[in-house]
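See structure below.
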Amino acid sequence: MNKPADSLLWARRAWLPGGWQDKVLLRIGADGRWAEIVPGVLTPPQGAEQLGTLLPGLVDAHSHAFQRAFAGLAEQRTSAADTFWSWRDRMYRVALRITPEQLRAIAAQLYIELLQGGYTQVCEFHYLQHAPDGQPYADPLAFSWALADAARDVGIGLTLLPVLYERAGFQQPALRPDQRRFATNAEGVWQAVQTIRGRRQPGLEAGIAIHSLRAASPASIQALVQGADGFDGPIHIHVAEQTAEVDDCLAATGQRPIAWLAAQGLLDARWQLVHATHTVPQEIDAVARSGAGIVLCPTTEANLGDGLPDLPGILAQGVPITLGSDSQITRDWREEVRWLDYGQRLIQRQRNAAAAPEAAQPSTAARLWSSVQAGSAHAAGQPAWGLTPGARADALVLNPHAAATLGMPPGHLLDALVFSSPSAAWKAVMVAGRWVLHDGQHPQAAQCAQAFERTMQALWAEG
Numbered sequence: 001m002n003k004p005a006d007s008l009l010w011a012r013r014a015w016l017p018g019g020w021q022d023k024v025l026l027r028i029g030a031d032g033r034w035a036e037i038v039p040g041v042l043t044p045p046q047g048a049e050q051l052g053t054l055l056p057g058l059v060d061a062h063s064h065a066f067q068r069a070f071a072g073l074a075e076q077r078t079s080a081a082d083t084f085w086s087w088r089d090r091m092y093r094v095a096l097r098i099t100p101e102q103l104r105a106i107a108a109q110l111y112i113e114l115l116q117g118g119y120t121q122v123c124e125f126h127y128l129q130h131a132p133d134g135q136p137y138a139d140p141l142a143f144s145w146a147l148a149d150a151a152r153d154v155g156i157g158l159t160l161l162p163v164l165y166e167r168a169g170f171q172q173p174a175l176r177p178d179q180r181r182f183a184t185n186a187e188g189v190w191q192a193v194q195t196i197r198g199r200r201q202p203g204l205e206a207g208i209a210i211h212s213l214r215a216a217s218p219a220s221i222q223a224l225v226q227g228a229d230g231f232d233g234p235i236h237i238h239v240a241e242q243t244a245e246v247d248d249c250l251a252a253t254g255q256r257p258i259a260w261l262a263a264q265g266l267l268d269a270r271w272q273l274v275h276a277t278h279t280v281p282q283e284i285d286a287v288a289r290s291g292a293g294i295v296l297c298p299t300t301e302a303n304l305g306d307g308l309p310d311l312p313g314i315l316a317q318g319v320p321i322t323l324g325s326d327s328q329i330t331r332d333w334r335e336e337v338r339w340l341d342y343g344q345r346l347i348q349r350q351r352n353a354a355a356a357p358e359a360a361q362p363s364t365a366a367r368l369w370s371s372v373q374a375g376s377a378h379a380a381g382q383p384a385w386g387l388t389p390g391a392r393a394d395a396l397v398l399n400p401h402a403a404a405t406l407g408m409p410p411g412h413l414l415d416a417l418v419f420s421s422p423s424a425a426w427k428a429v430m431v432a433g434r435w436v437l438h439d440g441q442h443p444q445a446a447q448c449a450q451a452f453e454r455t456m457q458a459l460w461a462e463g
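Numbering of the sequence shown is given in UniProt numbering, commencing with residue 1 and proceeding in unit increments.
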């Protein structure tokens, strides 16, 4: 991403921390971060770019880019039981086929779609590492560079999270044959993080990931965390996504997954617990005390039949939350926010489940949007996030002709964006002070779509 010149924007309305403000002046520094944001500037200064309604971009806190090539291909039932585990077996077949060149094409297409969906930073939970025979490539980070190059080419920010993945289950000390491309150890993960950081690519961050407690031994988890002592980047882990995982963890350790992490003294503000679907209140309490965050992926969790998280408990305890596109069946944060609340409505048989009128938060969309904005910086390894000085200058400009918001009173604008049949909402998208989408279009969209189509045809030529 090229460094922008010092420049001024003036928005008729903008979502700042705390909610909507009118007539907002925003100055972008030469470092691509917000240098100054001032509401209530009645007249645009000379030379300021005049905009309508402005929102901050959002972090996609959990992505598996290669699974974009699988989205829509697991929606036919061929056996009596179709669960996360049967889906996973089919997904592995994709993972065994993809080359680094193909991953770059897949990721470029995905990242354009994420920009169009309002995400400006993506956290790649990256466990596809090796050649098809399970041996490292000549460059062990070939897949990592494919993702980094795709992100650079289309202009989205990227947090790469190399994954510790060493076993098939609590009682299975080795990987399955169809997991051979994922094999890593603590030392290799830490070396990968240092190498990625050493590239010094603008817009590229690095963090650590642990696939899950079932896929990494306690000794290796401890070794990785101890080796990263003083590391200020994020640490992500899949946890408590499936009831079977919880049961297996109880059998192996005597504790539930989050309870085990807390008892080991591992959790702190760097940690991001992905899914946390099956928890008990004591675990949510422990997460809140630690400062760790939770990454929720509502459409993927629904698609896989995982279950619903304890969203009321999470919000009540003030646990930071973020959203993830995960398996890529949805590439738009508005649908994730919508289904975050709809899931709760279905089990509570109440409307506006996440609203908190007693705390002066009557808008479901506003409460959830504020929450995921607040959790974004830690999840992505950013010093700050949103329309606030010091944060990267990322922004979404609302399409003034979007059907969902035509004539909408300002106090209901965010509600309409989320809950009123969202369509193409963004006129323009900015990342690090540069416009990467214009009139809802990306300049490389056609080229990337052609490369993606060729890749899909090659991957699925044999079914």
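Beta carbons are placed, not taken as given, at the ideal position from N, Cα and C, and that holds for glycine.
Here the structure is a predicted model, which means the values were calculated and not measured.
Suppose the cutoff is 7 Å on Cβ atoms and the five residues either side in sequence are ignored; what does the same chain contact list for residue i look like?
i: residue 29; result: 6, 35
i: residue 461; result: none
i: residue 96; result: 132, 178, 181
i: residue 336; result: 298, 299, 323, 330
i: residue 258; result: 239, 240, 273, 276, 279, 283, 286, 287
i: residue 317; result: 284, 285, 288
Going by DSSP, which residues form a beta bridge with residue i?
i: residue 125; result: 161
i: residue 326; result: 63
i: residue 22; result: 13
i: residue 293; result: 272
i: residue 54; result: 14, 397
i: residue 169; result: 172
i: residue 430; result: 395, 435
i: residue 137; result: Residue 137 pairs with nothing; no bridge assigned.
i: residue 206; result: 160
i: residue 38; result: 25
Can you give me the C-alpha to C-alpha distance between residue i and residue j, rounded to a whole angstrom?
i: residue 436; j: residue 429; result: 6 Å
i: residue 448; j: residue 350; result: 43 Å
i: residue 320; j: residue 60; result: 14 Å
i: residue 68; j: residue 234; result: 24 Å
i: residue 2; j: residue 127; result: The predicted position of residue 2 is uncertain, since its pLDDT is 46 and thus under 50; a value taken from the coordinates is nonetheless stated next. Spanning the two alpha carbons is a distance of roughly 29 Å.
i: residue 416; j: residue 366; result: 11 Å
i: residue 256; j: residue 21; result: 44 Å
i: residue 286; j: residue 146; result: 37 Å
i: residue 220; j: residue 252; result: 16 Å
i: residue 338; j: residue 425; result: 15 Å
i: residue 353; j: residue 18; result: 20 Å
i: residue 14; j: residue 100; result: 40 Å
i: residue 195; j: residue 205; result: 11 Å
i: residue 418; j: residue 245; result: 33 Å
i: residue 186; j: residue 176; result: 19 Å
i: residue 388; j: residue 72; result: 38 Å
i: residue 228; j: residue 158; result: 20 Å
i: residue 310; j: residue 49; result: 43 Å
i: residue 394; j: residue 457; result: 34 Å
Within 10 angstroms of its Cβ, does residue i collect 16 or more other Cβ (buried), or is it exposed?
i: residue 77; result: exposed
i: residue 406; result: exposed
i: residue 421; result: exposed
i: residue 166; result: buried
i: residue 401; result: exposed
i: residue 243; result: exposed
i: residue 348; result: exposed
i: residue 453; result: exposed
i: residue 162; result: buried
i: residue 431; result: buried
i: residue 247; result: exposed
i: residue 83; result: exposed
i: residue 397; result: buried
i: residue 211; result: buried
i: residue 9; result: buried
i: residue 239; result: buried
i: residue 346; result: exposed
i: residue 433; result: buried
i: residue 334; result: buried
i: residue 137; result: exposed
i: residue 171; result: exposed
i: residue 281; result: exposed
Can you list, in chain order, the residues of its chain whose CB lies under 6 Å from that of residue i, leaving out five sequence neighbours each side?
i: residue 385; result: 376, 377, 391
i: residue 331; result: 113, 114, 117, 325
i: residue 237; result: 210
With a CB to CB cut of under 8 Å and the five nearest residues on each side skipped, what residues in its chain are close to residue i?
i: residue 179; result: 92, 165, 168
i: residue 149; result: 104
i: residue 134; result: 180, 181, 183
i: residue 260; result: 213, 249, 253
Compare the C-beta of residue i with all C-beta atoms of chain D and state if any pair is closer than 8 Å.
i: residue 363; result: This model lacks chain D altogether; it includes just one protein chain.
Answer yes if the stretch 43–60 comes into contact with the stretch 350–363, meaning at least three C-beta pairs across the two stretches below 8 Å, and no otherwise. no
Any chance the stretch 293–302 sits against the stretch 258–266, with 3 or more Cβ pairs inside 8 Å? no
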